[in-house]
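Residue numbers for the sequence shown follow our numbering, beginning at 40 and rising by one. Data block below; observations after.
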Amino acid sequence: MSRRGKLVRPGLLLVLLCLTGGIVLAQSTPAIVRWHIGGGGGTAIGGTASISGALGQAVAGLSSGGNITLQAGFWTGRRQAKIYLPLVLRDYISYFEGPCEQEDNDRSSQANGPLYSGRYYCGYPNDWYDWFYVYLRTTGRITVSVTNYTGAGGQLLLFSQLGELLKRDYQGANDYDLYLEHTVSTGGIYYITVYTERNFNTTPYTLRVTYP
Ligand SMILES: [Ca+2]
Ligand SMILES: [Ca+2]
């Protein structure tokens with residue numbers, strides 16, 4: 040019998056300690072090495088725990104059944120595909136869908152727009168100022184019409200992006216329509232204001248703008 044037979048080599052001892060530690064951890068402490076929160080961004084909180092999700096990152100991976108395969112996320116093992124966002128988005132404009140004004144729209148920085156050319160929008164003469172704007176890619180004629188207008192002391196105004204008054208129409212006596220047209224020499228943003236002095240009410244007026 041030899042005492043050497045009872046010795047444990049240092050390397051083997053380290054492996055045994057690691058295994059033992061792993062067993063202890065598995066028995067007493069839940070461990071999540073890697074995770075991903077699917078769906079949108081934000082933070083879910085319950086008690087003292089909170090988990091943050093990654094914005095815009097869906098659950099990654101493939102799911103398949105039969106001849107159907109669903110793929111979500113960006114890191115899915117598929118071959119790389121090149122897309123050219125600057126080309127896709129170069130002429131993209133996110134137009135104001137309406138159908139009615141969205142208050143507060145009481146100053147240029149709150150203006151609803153850009154409006155589609157030729158679309159009918161509704162607004163309410165329920166306050167002093169309703170601001171809208173259009174975006175022209177090129178020069179041309181802007182026409183603005185407001186019909187079924189039931190405010191009083193009304194005005195329809197067209198401004199340049201720099202705030203220069205380009206055209207104005209005053210409401211006349213027994214007048215329920217406002218109209219202006221103006222030819223602009225440069226493209227860009229133009230602001231439209233429906234001004235109501237009094238007789239505020241919630242009968243909708245119809246606003247329609249045309250431009251090239
Ligand atoms: Ca309004
Ligand atoms: Ca307003």
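Every residue gets a Cβ at the ideal spot worked out from N, C-alpha and C, and that includes glycine. Every value quoted in this text rests on a predicted model; they were computed, and no experiment measured them.
Rounded to the nearest whole angstrom, the CA to CA distance from D216 to G193 is 9 Å. Q194 carries a strand assignment under DSSP once its states are collapsed to helix, strand and coil. Put simply, the backbone Cα of T182 is about 14 Å away from that of I228. Rounded to whole angstroms, the Cβ separation of T235 and W170 is 12 Å, and the two are not in contact under 8 Å.
Residue state for S224 is assigned as coil, using DSSP reduced to three classes. Boundaries of the beta strand (DSSP E) harbouring F171: 168-175, taken from the DSSP string. Scanning the region 198-249 for uninterrupted alpha helix (DSSP H) segments of 4 residues or longer gives nothing; none is fully contained.
For G179, the enclosing beta strand (DSSP E) stretches over residues 179-186. Excluding five sequence positions before and after S89, the CB atoms of its chain that fall closer than 6 Å to its own CB belong to T82, given in chain order.
By the beta-carbon neighbour count (other beta carbons within 10 angstroms, threshold 16), Q210 is buried.
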